[in-house]
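Student:
2 protein chains.
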Amino acid sequence: MSLIVQKYGGTSVGNTDRIKAVAERLVAAKRAGNDVVAVVSAMGDVTDELLDLAAAVNGEPPEREMDMLLATGEQVTIALLAMAIHALGHEAISFTGPQVGIVTDAGHTKARIQEVRADCVREAIEAGRIVIVAGFQGTTPDNQITTLGRGGSDTTAVAVAAGIGADVCEIYTDVDGVYSADPRVVPSARKIAVISYEEMLELAATGARVLQLRSVEFARNHGVVIHVRSSFNDLPGTIVKEADPSMEQAMISGVTHDTTEAKITIRDVPDQPGVAAQVFSGLAEANVNVDMIVQNVSEAGATDISFTIPKEDLVRAKRAVESVVERLGARSWLVDEAVAKVSLVGAGMKTHPGIAARMFRSLAKAGVNIDMISTSSIRVSCVIAREQAELAVRALHDEFDLATDQIAAEIAPSAGGAE
Amino acid sequence: MSLIVQKYGGTSVGNTDRIKAVAERLVAAKRAGNDVVAVVSAMGDVTDELLDLAAAVNGEPPEREMDMLLATGEQVTIALLAMAIHALGHEAISFTGPQVGIVTDAGHTKARIQEVRADCVREAIEAGRIVIVAGFQGTTPDNQITTLGRGGSDTTAVAVAAGIGADVCEIYTDVDGVYSADPRVVPSARKIAVISYEEMLELAATGARVLQLRSVEFARNHGVVIHVRSSFNDLPGTIVKEADPSMEQAMISGVTHDTTEAKITIRDVPDQPGVAAQVFSGLAEANVNVDMIVQNVSEAGATDISFTIPKEDLVRAKRAVESVVERLGARSWLVDEAVAKVSLVGAGMKTHPGIAARMFRSLAKAGVNIDMISTSSIRVSCVIAREQAELAVRALHDEFDLATDQIAAEIAPSAGGAE
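So the sequences go chain by chain: A and B.
Under this note's numbering, the first residue of the first sequence carries the number 1, and numbering increases by one thereafter.
Under this note's numbering, the first residue of the second sequence carries the number 1001, and numbering increases by one thereafter.
And the structure:
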């Protein structure tokens, strides 16, 4: 008997039939002897419909009111799911984020969780009920409704799992796990049975869409075991947990790509102390999320600074860069939106030198030119031309033989069995 | 400068264009120097759409979860309305019922307001903002979301007006006031300029749809002046307030009809003490709202008891009556759904004897047979055959000359002017 949190995304609860199917899954887990908490997103297109309504009354709606509006999406789902469970003859109770005591900062539309009280969840579990929690939303300490931003329901699920000490947090999605590459690009991509938080963080940060970065951070910080699996079958998916000695490490876990970023280069910046600080302070003030930063070697007292940012921040970034460029007396600046970031992630890099060199050789052999490089202890990322992204991913997947199951994983098929 | 609460129903906020029109009205009232609070319902058909979703997952959804579901309707409206006001360059802030501190009992789907805290409303008004409050919803002391039942937004508006000491509570609807009869039945029906709480209560209780009964009760108990008016024009509507000597009383205010009730008759009930108590205790336990009760004179130790109930309570009522009939050994019982209640309301009845007799004569002359009669000090109601309801209403409207403006009302055209 385990205490399980199950999270279902917008596709899994996209209509009333799917909600009934989720209800059946939850009741089955409960009847199997587990205590069950579900965290759910808004139904399919509901969030987009709400965004359309907002756009019809205000082109730039205030963020506090956006949160007021969007929080209704999950509230509809939790009520319907609780009703569907009742229809199956089982007790269920739904709670909004504020009711659960998911306390966040006041960063409307992308609030960060500060605390999870969850007393009402614990009480309802003890009363034998299946508990349904609205993902994506919370409340500030002074009672304002907030949302956590896209993908926030994953974070809610992990936070609730941490708050109630769940044995596992099962994230149900429309794919059945984390793969060694995007299967639409690399048909031979392999499902990863177990992966460490560290590697999952790098995969999520570099383009793997399956898990939201912040939810993995939260899981790592609170030691929550995540099981990513499909809501359309009962196959085991991918377990994300603390690396431990018994866990055989693949040298390379996967190759990711990300085409949602743009590259900005500022040319001939004076090579003086404090210049980089000025550039990136300006961007931070404009609330632009800078990803990779590369500064080239100085030449004749001037240098180039390149960095990547999400395309959705581009308008704000351009404004910030323009004013900085003027202040610095830089020669010029340019934006390239036709770029992709391709990354190789693997804990084995720590102990296997030469991975980066082999990656660069492989890209060269495939005729892919590298624009920018950045590395961590378990990741190498290259910015390349967008039209070469898929070619690069396939070349790297082959080069490192990722289609082959490098670890004979001894994962049991049930959620708890990964321990 | 006044403190005004304005309530807009589902039709007035039926789509984003209408929401923008309401925003303009609110901003105009604010720019005219008033402090303004709006209470709004769910957009047009939203509540029905949510009911359809619920029906698709559970034929008898638990009431707590219905409240969780339905409360989202108003939350969407308040967010959009606040956004629309921002787009007009004015500060606005929206609050849900729970945020305002509209504390209710735990009677899910028809909760009753126990307390209105409204601190956040007062603070926002002092900060110069237009405040938007979700109607229809509240919270129990232990943090469960409740709804007040159909028409509950009127009650919210009056309760908020009482809570913040507003000068007037303006109820905007798709009709422009309270009429001496339903204008669809009696084209010559007259708009009533001023009416006492007492008479308005009787009108609302007997079929006038304009104001919800509980909102009038709440207004009377807290001395809130209500102004019922149209959201499509600027004409003065109907003022509802405490009767005072300066207020000329019409002998008869209006005639109403109600076809939403069914009549149940239990035949040959033993004429013993405690029998009526047994019948109506059973119905109360089944949560059936009994309206009129008539017990005929006993004959040979047995009597008939007839009563009317809302048709929506009929299933529950039949179950309760069946078990009572069996216990009492009554001969039989029957249900008549084809009935209507026609009522004459007027404070003048207190001082003009013979109104009831004149009513019965008028109905007889029109060929209308009377099934049941019940009276209060300012009302006479008759249950008749449903197909004769409109005929009866027209006969009574003529008989008492209600189309003629019996009082030369000195009401000023502005809301506050009724004082």
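All C-beta atoms in this analysis are idealised placements derived from N, C-alpha and C, irrespective of residue type, glycine included.
Just so we're clear, the structure is a prediction, and the values are computed from it rather than from any experiment.
Can you name, in chain order, every residue of its own chain whose Cβ lies under 6 Å from the Cβ of Pro1245/B, other than the five neighbours on each side?
Tutor: In the second sequence, counting from the first residue as 1, residue 1245/B sits at position 245. Excluding positions up to five away in sequence, the list is empty.
Student: Taking only beta-carbon atoms, is Glu261/A less than 7 Å away from chain B?
Tutor: Within the first sequence, the letter at position 261 stands for residue 261/A. No, because no Cβ of chain B sits closer than 7 Å to the Cβ of Glu261/A.
Student: If you scan the stretch 163-246 of chain A from start to end, which runs of the alpha helix (DSSP H) of 4 or more residues do you find wholly inside it?
Tutor: Annotation: the stretch 163-246 of chain A contains the following complete segments of the alpha helix (DSSP H) (minimum length 4 residues), in chain order: 197-205 and 213-222.
Student: Buried or exposed: where does Gly1301/B fall if 16 or more other Cβ atoms within 10 Å of its Cβ makes it buried?
Tutor: Counted from its first residue, the second sequence places residue 1301/B at position 301. Gly1301/B should be labelled exposed.
Student: Could you list which residues in chain B have their beta carbon closer than 8 Å to that of Val76/A, in chain order?
Tutor: Position 76 of the first sequence, counted from the first residue, corresponds to residue 76/A. Residues of chain B passing the Cβ test: Leu1050, Leu1053, Leu1069 and Thr1072.
Student: Between the alpha carbons of Gln99/A and Ala79/A, how many angstroms are there, rounded?
Tutor: Taking the first residue of the first sequence as 1, we reach residue 99/A at position 99. Taking the first residue of the first sequence as 1, we reach residue 79/A at position 79. For Gln99/A and Ala79/A, the distance between alpha carbons rounds to 13 Å.
Student: At 4 residues or longer, and completely inside the stretch 128-167 of chain A: list those alpha helix (DSSP H) runs for me, N to C.
Tutor: 152-164
Student: Does the distance from the C-beta atom of Gly207/A to that of Thr256/A stay below 7 Å?
Tutor: Position 207 of the first sequence holds residue 207/A. Position 256 of the first sequence holds residue 256/A. Going by C-beta atoms, Gly207/A is nearer than 7 Å to Thr256/A.
Student: Alpha carbon to alpha carbon, how far is Pro61/A from Met1083/B?
Tutor: What you label residue 61/A is simply residue 61 of the first sequence in a count that begins at 1. What you label residue 1083/B is simply residue 83 of the second sequence in a count that begins at 1. Whole-angstrom Cα-Cα distance: 6 Å.
Student: Considering just the uninterrupted stretch of the alpha helix (DSSP H) at Glu1074/B, what are its terminal residues?
Tutor: In the second sequence, residue 1074/B corresponds to position 74, counting from 1. First-last of the alpha helix (DSSP H) with Glu1074/B: Glu1063 to Ala1087.
Student: I'd like to know whether the C-beta atoms of Asp182/A and Ile171/A end up nearer to each other than 7 Å.
Tutor: Along the first sequence, read from residue 1 onward, the residue named residue 182/A stands at position 182. Along the first sequence, read from residue 1 onward, the residue named residue 171/A stands at position 171. Result no, Cβ atoms of Asp182/A and Ile171/A do not sit closer than 7 Å.
Student: Closer than 7 Å between beta carbons: that is the criterion. Which residues of the stretch 78-103 of chain A meet it against chain B?
Tutor: Within the stretch 78-103 of chain A, the residues whose Cβ lies closer than 7 Å to some Cβ of chain B are Ile78, Ala79, Leu80, Ala82, Met83, Ala84, His86, Ala87, Ser94 and Gln99, listed in chain order.
Student: Can you tell me whether Arg1031/B is buried or exposed? The criterion is at least 16 other CB atoms within 10 Å of its CB, across all chains shown.
Tutor: Here residue 1031/B corresponds to residue number 31 of the second sequence, with the count starting at 1. Result: exposed.
Student: For a contact meaning CB atoms closer than 9 Å, what does Thr109/A contact in chain B?
Tutor: As a first step, residue 109/A must be located in the first sequence, where it is residue number 109. Chain B residues near Thr109/A: none, gap ~12 Å exceeds 9 Å.
Student: Roughly how many angstroms separate the alpha carbons of Ala1340/B and Arg1394/B, rounded to a whole number?
Tutor: In the second sequence, the residue the question calls residue 1340/B occupies position 340. In the second sequence, the residue the question calls residue 1394/B occupies position 394. Looking at the two C-alpha atoms, the distance is approximately 14 Å.
Student: If you run the structure through DSSP and keep just helix, strand and coil, what is Gln99/A?
Tutor: As a first step, residue 99/A must be located in the first sequence, where it is residue number 99. If DSSP states are grouped into helix, strand and coil, Gln99/A belongs with the helices.
Student: One question on the structure: do Ile378/A and Glu91/A come within less than 7 Å of each other, judged by their Cβ atoms?
Tutor: Taking the first residue of the first sequence as 1, we reach residue 378/A at position 378. Taking the first residue of the first sequence as 1, we reach residue 91/A at position 91. The answer is no: Cβ separation not under 7 Å.
Student: With a 10 Å radius around its C-beta and 16 neighbouring C-beta atoms as the bar for buried, classify Ala54/A as buried or exposed.
Tutor: On the first sequence, residue 54/A is found 54 positions in, with the first residue counted as 1. So Ala54/A ends up on the buried side.
Student: Note down the Cα distance separating Gly1149/B from Val315/A, rounded to an integer number of angstroms.
Tutor: Along the second sequence, read from residue 1 onward, the residue named residue 1149/B stands at position 149. Along the first sequence, read from residue 1 onward, the residue named residue 315/A stands at position 315. So the alpha carbons of these two residues sit roughly 47 Å apart.
Student: For Glu399/A, report the span of its alpha helix (DSSP H) as first-last.
Tutor: Taking the first residue of the first sequence as 1, we reach residue 399/A at position 399. Ala389 to Glu399 is the extent of the alpha helix (DSSP H) around Glu399/A.
Student: What does Ala389/A reach in chain B if we use C-beta pairs closer than 7 Å?
Tutor: Taking the first residue of the first sequence as position 1, residue 389/A is located at position 389. Residues of chain B passing the Cβ test: none, with the nearest at roughly 38 Å.
Student: Please report the distance separating the alpha-carbon of Ile1264/B from that of Ile1102/B.
Tutor: Against the second sequence, residue 1264/B aligns to sequence position 264. Against the second sequence, residue 1102/B aligns to sequence position 102. Distance between the alpha carbons of Ile1264/B and Ile1102/B: 37 Å.
Student: Residue range of the alpha helix (DSSP H) that Val1037/B falls in?
Tutor: Mapped onto the second sequence, residue 1037/B falls at position 37. Not the alpha helix (DSSP H): Val1037/B falls in the beta strand (DSSP E), residues Asp1035 to Val1040.
Student: Taking the C-alpha atoms as reference points, what is the distance between Lys1110/B and Asn1287/B?
Tutor: Translated into the one-based positions of the second sequence, residue 1110/B becomes position 110. Translated into the one-based positions of the second sequence, residue 1287/B becomes position 287. Roughly 11 Å separates the two Cα atoms.
Student: Tell me whether the beta-carbon of Cys120/A lies closer than 7 Å to the beta-carbon of Val5/A.
Tutor: Taking the first residue of the first sequence as 1, we reach residue 120/A at position 120. Taking the first residue of the first sequence as 1, we reach residue 5/A at position 5. For the 7 Å CB-CB criterion, Cys120/A and Val5/A do not form a contact.
Student: Which class does Gly1254/B belong to by DSSP, given the choice of helix, strand or coil?
Tutor: As a working mapping, residue 1254/B is identified with position 254 in the second sequence. Reduced to three states, the DSSP call for Gly1254/B is strand.
Student: So, helix, strand or coil for Glu60/A, using DSSP?
Tutor: Counting from 1 along the first sequence, the entry for residue 60/A is found at position 60. Coil at Glu60/A, not helix or strand.
Student: Between Asp1347/B and chain A, is there a C-beta pair that is closer than 7 Å?
Tutor: As a first step, residue 1347/B is located in the second sequence; it is residue number 347 there, counting from the start. Note that residue 1347/B is Ala in the sequence shown here, rather than Asp. No, because no Cβ of chain A sits closer than 7 Å to the Cβ of Ala1347/B.
Student: Taking the runs of the alpha helix (DSSP H) that are 4 residues or longer, which of them lie wholly in the stretch 311-374 of chain A?
Tutor: 314-328 and 355-365
Student: Between the stretch 1358-1368 of chain B and the stretch 1272-1282 of chain B, do three or more beta carbon pairs fall short of 8 Å?
Tutor: Using a Cβ-Cβ distance cut-off of 8 Å, the stretch 1358-1368 of chain B and the stretch 1272-1282 of chain B are not in contact, since fewer than three pairs of beta carbons, one from each stretch, lie closer than that value.
Student: Tell whether a beta-carbon distance below 7 Å holds between Asn1034/B and Ser1012/B.
Tutor: On the second sequence, position 34 is the one that residue 1034/B refers to. On the second sequence, position 12 is the one that residue 1012/B refers to. For Asn1034/B and Ser1012/B, no; Cβs fall outside 7 Å.
Student: So which residues of chain A does Thr1016/B contact, with C-beta pairs closer than 7 Å?
Tutor: Residue numbering aside, residue 1016/B sits at position 16 when the second sequence is read from its first letter. Those within 7 Å of Thr1016/B in chain A are Leu53, Ala56 and Val57.
Student: CB-CB under 7 Å to Glu1063/B, same chain, minus the five flanking residues each way: which ones, in chain order?
Tutor: Taking the first residue of the second sequence as position 1, residue 1063/B is located at position 63. Result list for Glu1063/B: His1108 and Thr1109, in chain order.
Student: In the DSSP output, what is Glu123/A paired with across the bridge?
Tutor: Numbered from 1 along the first sequence, position 123 holds the residue referred to as residue 123/A. Its beta-bridge partners do not exist; DSSP assigns none.
Student: My guess is that Thr77/A and Met43/A are in contact by the Cβ rule of under 8 Å, so how many angstroms apart are they, rounded?
Tutor: As a working mapping, residue 77/A is identified with position 77 in the first sequence. As a working mapping, residue 43/A is identified with position 43 in the first sequence. Indeed they touch by this definition, with Cβ atoms about 6 Å apart.
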